[in-house]
Structures are given as C-alpha cells and as structure tokens.
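Reviewing the structure listed below.
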Amino acid sequence: MKKRKNLFILVAVLITVGIGAVYLLNKYIKDQIITGLEKEFPSSVLSYDDISVNVLGGNSSISNILMNNQGVKLSASRVNIRNFSYSSYLRSGDFEIGSLELIAPVIVINKSDTATVKKVAEGEEIERNLLLKKFRVIGGSLRVIENDSASNTLFVSIKNIELEKVLFGKKHKGALIPFEYDSYKAESDSLFYEINAWNSITVRNVELKEDLVLTEFRIIPKLSRAQFDLQIPYEKDWIALKVDQITFQDLGWSKNEDSLMIKSPQTYIENANLQIYRNKLVTDDTRIKPMYSQMLRELGVKLQLDSVTVKNSKIVYEEKVLESRPPAEISFQNVQAGIKDLVNFNPGNGQFPKTRIKAKAVFMGNSRLTLNWDFDVSNSMDEFHVWGSLAAIKAEAMNPFLKYAMNVETEGLIESLSYNFYGNRSQASGDMQMGYRDFKVNILKDGEEKRKSFLSRLANLIIKNDAINEDVKQESIETQRDKTKSFWNFLWLCIRDGALKTFF
C-alpha cells in the first residue's frame, strides 16, 4: 500500500513538474517571440492583442495584428503557425513550419510613402532557409494607392490563396519572386484597377491555378461621351469593353533582363463586346502614332503568347464628324480570330517568329469579311503584309457610316472585294480586285437629308458601271501613311485608293 502511495505521489509530482515545465517553456517561447518582434519592429510599426504558444504541438498564433511600415499597412484578425519543426531547427538552424495562415488580412500599399522603403543591400545575406509546407490566406483584401489624394489604383478582394512547399532561401535573393513553391491556387471575387483618368478595369472573379481565368472582365469609362469630349485635350478614343471570360492556359511568369516575362501556350477571349467612339470635332492629336509592331517591341513587359483565340465577339466604331448629326457607325459582328506568336522578344530557339493574325467577321450586319495580317516585331521598319476579302455587301449597308462621316449615300451591290498590300511605317503598295453592280452615289447637303442632285448625277456619270458582273483588278496601288493616325486608318487609305481607281 505504501509503495502504491509513493508511486501515486511520484506520478503526481512528475505530472505537476511536466505541466509546470510546459507552462514555463510556453512562457519562455512566448517571451522570446515578443523579444524578437520588439527587436525587429518598434511599437510604432507593429502592434497586436495577444500571442499564444503551444510548445508541444509546435503551434502559435497572434491575434489582431497591425503592421504599418513605410507605406505598407497590414492588419489581420489572426496569424496561425502550425507544426513548427524543432528537430529541423536544432539540426540545421533552418526553419520548417507545417502551415502559416493569415486570417482576413487587409493590406494597403501607398506608393507615395514607399520611397524610403529599405532595400536589401547587395552584400546582405539571408542567414537561414525557411520552408512553409503550406501557406494560406483566407479572406481579406489588397489595396494599392498611387497617392494620398487618389482613389484605389488597385483593389482585390481575396477569397483564398494557397501555396504548397514555399521555400525562402539564399538562392532566391534578387529574384522577381523571392521564393520557390510546388503548387499554388488563388481566387478573388472582385478586382478593380484604375488604368488612367478615363477608364477602369473590373473583374468579377479571378481564379489562378495552372491557368488564369478572368470572368466578366470589363474596361469601364469613367465619363459619359459628352463629358469625355469636354475634358479631353485632343482627339482620343472613348472605350468600353465587356468580355465574358479570358483564359490564359498554363500561365507562367519570371524575370527576364529586369522585365516581367509572361508566357501562355493558349489564350482564349470569349464573347467580347468592344465599343469605340471618337469625336472628330475635337482638336487633332498631331503626335506620330507607332505601328503595333513598334508598340509591342517597346512594351515594358516581355510577352510570349503562342496562340490567342478570340471567339464570338463584336466591335462597334462610332465617329462624330458633324455636330448636327449622330455619329457615323461601323460594326463587326461574330468576330472570330486567331493570333499566332504574339511575342516581343527572341525566345532563343532560332529565328524571331512572325506574328500572324487571321480573322473573320460579319461586316455591317450582312457581309463576310476576312483579314490576314503578318508582321515581325523585331523589324525596325515595321514591315507588314495584310490581305483579305469582303463578300456581297449591299451599298446601302454602308450608309450608317458614309452618310454621317462623308455626307454621302450609296446604292447598289459590291459583289466582291479582295485586297493584298505590303507596307511599312511610311508607305504601302499592292493590288485590289472589286466586282460591283448598279453602284450609285448620292451626295447630300451639309446637315440635310436631301441630295445635291447635280453633283450626284455628275458622280454617277463618272462611275464605271460598265463593269457590271465582272471583277475589276487594280494593281500598283501606292499609298502614303498619315503617321499621325493609326494602322487602321492606313489600311482604310489603301482600300479607299483602290476603290477610287476602280470606280473612276
């Protein structure tokens, strides 16, 4: 009986000592964490409500943490650390953590306050590796503010972020992403980005795994057309864009010569609706406009999009020429397009690839339109080849544009039109073939619906309507580019010059 009593006392003592030791060890670890945080961050930078430690499980948590340091503010309801590996730390001095969770963090970055952010010195070394077997962000948001007087430049509502086997180490010093990982996934249920003073981007849902999927992507004008016209200093496009879904398959990014490099073997743009409006009564923008190949060549981001597919989309362009009339309109419905090798750097696998575009659409509601376009981004003269066709368009279908843009109405049928032009940033040459029937021109009085009868009759006498039911080919068409206007104006001038030679 006495032996049992002594054994009971011994066990009780051991339990009491064990509990005390765990308590003291928890307190010691907690004190060490507090000391480390106070050493690294002054109270003006970091605050929190409480720290809890469970030394047996290797767990700890910090509640209601708030950090404010040189333009970056972070608050979170809780930071949880699970399964800290003592053996790894004792064996190698490296940190290994089973999981790190940020619960409902709110991150605000004010760029106007980040000028003095401490940068890692060239000789400064990361002393130990840190392995997070799992890193999670649950809920929360990210805001980037350009300056104190600006609204959000970027706002992201975070639904979930998860990375597996995240490793920070010496070899990641200076990298674009200063760590490596095995897998990742992230989801946001809203995104807002301010492009400029005129437009913002919104996305209803962002999902990032191997693929990046943007659902309900929008470019939204901040001003109505009338307000826009009053505020712009010179001619500028008012733009509105709606896209049901954009998918970048197997998206990858890395650092390339101090630039961000983005790669995707296949990109899909589905059900896009693009509206463009321009007021030609506003002061001309006389700056030289770069060709698309030059814009890609000088882009700050390196792109390698092997294939881009545009499905079931629509483009409407409106141009206001007379104050007394509505804008002239050109429309392209059921746009289907494919772009190969949208690349602006040499991928190192041989000759720089040509960018090739093939598109088809329904033009002005009733005509089949095709466009083929090749250019080499690396070509300093911005040389290109563009060719295509337009089939069976009623001349009357062009009137919504011609009537308001050129004070002209047309009648008859353009049975076929094909074009083939080679050019560069300054000029283009090529040929065009067109067949038409019973084509007539009615010249209108300014601001009125009535025809200028004499001029209309004169124009129709000059038009070669003896070319009925046969194609007329015009070769050696030479067109000079107006460098203050876009590539699309250049293409229109080429086709216009060919049409004028055919008709007259």
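Just so we're on the same page, the numbering used here is the position in the sequence shown counted from 1, plus 2.
Glycine residues also receive a C-beta, built at the ideal position from the N, C-alpha and C atoms.
Practice item. Determine, using beta carbons only, whether leucine 134 and glutamate 196 come nearer to each other than 9 angstroms. Key: For leucine 134 and glutamate 196, no; Cβs fall outside 9 angstroms.
Point to revise | asparagine 131, DSSP secondary structure in three states | key: It is coil, neither helix nor strand.
Exercise for review: At 3 residues or longer, and completely inside the region 185-242: list those beta strand (DSSP E) runs for me, N to C.
Suggested key: 185-196, 201-210 and 214-223
Exercise for review: Check serine 266 in the structure and name its three-state DSSP category.
Suggested key: Strand, per DSSP.
Review point. Given that a residue counts as buried once 16 or more other Cβ atoms are within 10 Å of its Cβ, and exposed if not, what is arginine 322?
Key: Per the sequence shown, the amino acid found at residue 322 is lysine instead of arginine. Answer is buried; the Cβ neighbour count reaches 16.
Exercise for review: Could you check the C-alpha separation between aspartate 433 and alanine 501 for me, to the nearest Å?
Suggested key: 10 angstroms
Review point. How should tryptophan 507 be labelled, buried or exposed, when 16 other C-beta atoms within 10 angstroms of its C-beta is the threshold for buried?
Key: An answer regarding residue 507 cannot be provided, because it is not within the stretch 3 to 506 covered by the chain.
Check your understanding: Less than 9 angstroms separating the beta-carbons of phenylalanine 347 and methionine 263?
Key -> yes
**Study point:** Option in Ser77, Asn56 and Asn61 with minimal Cα separation from leucine 48
**Key:** The residue with the shortest Cα to Cα distance from leucine 48 is Ser77.
Point to revise | Where the beta strand (DSSP E) containing methionine 366 begins and where it ends | key: It is not in any beta strand (DSSP E) - methionine 366 carries neither H nor E in the DSSP assignment.
Review point. Hey, would you say asparagine 280 sits closer than 9 angstroms to glutamate 237, going by beta carbons?
Key: It is arginine, not asparagine, that sits at residue 280 in the sequence shown. Result yes, Cβ atoms of arginine 280 and glutamate 237 sit closer than 9 angstroms.
**Study point:** Presumed contact (8 angstroms Cβ cut-off) between glutamate 477 and asparagine 426, rounded CB distance
**Key:** The Cβ separation is near 19 angstroms, so there is no contact.
Point to revise | For aspartate 51, the three-state DSSP class (helix, strand or coil) | key: coil
Review point. Can we say the region 372-389 touches the region 281-297, given the rule of at least three CB pairs closer than 8 angstroms?
Key: Yes, the region 372-389 is in contact with the region 281-297.
Review point. What span of residues does the alpha helix (DSSP H) with arginine 145 cover, start to end?
Key: Where arginine 145 is concerned, there is no enclosing alpha helix (DSSP H), although the beta strand (DSSP E) it sits in stretches over 143-147.
Check your understanding: How is methionine 69 classed by DSSP in three states: helix, strand or coil?
Key -> strand
Review point. The alpha helix (DSSP H) with glutamine 296 in it runs from where to where?
Key: Glutamine 296 -> alpha helix (DSSP H) spans 294-299.
Point to revise | Euclidean distance between Cα positions of valine 364 and valine 168 | key: 50 angstroms
Exercise for review: Using 10 angstroms around the beta-carbon of arginine 483, count the other beta-carbons present and answer buried if the total reaches 16, otherwise exposed.
Suggested key: buried
**Study point:** Contact under 9 angstroms by Cβ, serine 315 with isoleucine 341
**Key:** no
Point to revise | Those residues which DSSP pairs with isoleucine 317 across a bridge | key: Leu276 and Phe334
Point to revise | C-beta contact flag for threonine 288 and proline 235 at 9 angstroms | key: no
Check your understanding: If you draw a straight line from the alpha carbon of glutamate 272 to that of lysine 503, how long is it in whole angstroms?
Key -> 39 angstroms
**Study point:** threonine 504 - DSSP class collapsed to helix/strand/coil
**Key:** Here DSSP, grouped into helix, strand and coil, assigns threonine 504 to helix.
Check your understanding: Helix, strand or coil: which one does DSSP assign to glutamate 385?
Key -> coil
Check your understanding: So does the region 215-234 actually touch the region 179-189, counting three or more Cβ pairs closer than 8 angstroms?
Key -> no
Point to revise | Simplified DSSP assignment, three categories, for aspartate 499 | key: Aspartate 499 falls in the helix class under three-state DSSP.
Check your understanding: In this structure, does DSSP put glutamate 103 in helix, strand or coil?
Key -> strand
Check your understanding: Looking at leucine 371 and valine 388, is the spacing between their C-beta atoms short of 9 angstroms?
Key -> no
Check your understanding: From leucine 144 to arginine 138, what distance separates their C-alpha atoms?
Key -> Between the C-alpha atoms of leucine 144 and arginine 138 there is a straight-line separation of about 15 angstroms.
Practice item. Leaving aside the five residues before and after serine 391 along the sequence, list all residues of the same chain whose C-beta is less than 6 angstroms from its C-beta, in chain order. Key: Thr372 and Ser420
**Study point:** For glutamate 411, three-class secondary structure by DSSP
**Key:** Residue state, collapsed to three classes: strand.
Point to revise | Bounding residues of the beta strand (DSSP E) (the contiguous stretch that carries isoleucine 290) | key: Segment: none, isoleucine 290 is in no beta strand (DSSP E) and carries neither H nor E.
Exercise for review: Measure the alpha-carbon distance for serine 202 versus arginine 439 and round it to whole angstroms.
Suggested key: 47 angstroms
Review point. Which of helix, strand or coil does DSSP assign to phenylalanine 492?
Key: helix
Practice item. Let me know if threonine 269 comes out buried or exposed under the rule of 16 or more other beta-carbons within 10 Å of its beta-carbon. Key: buried
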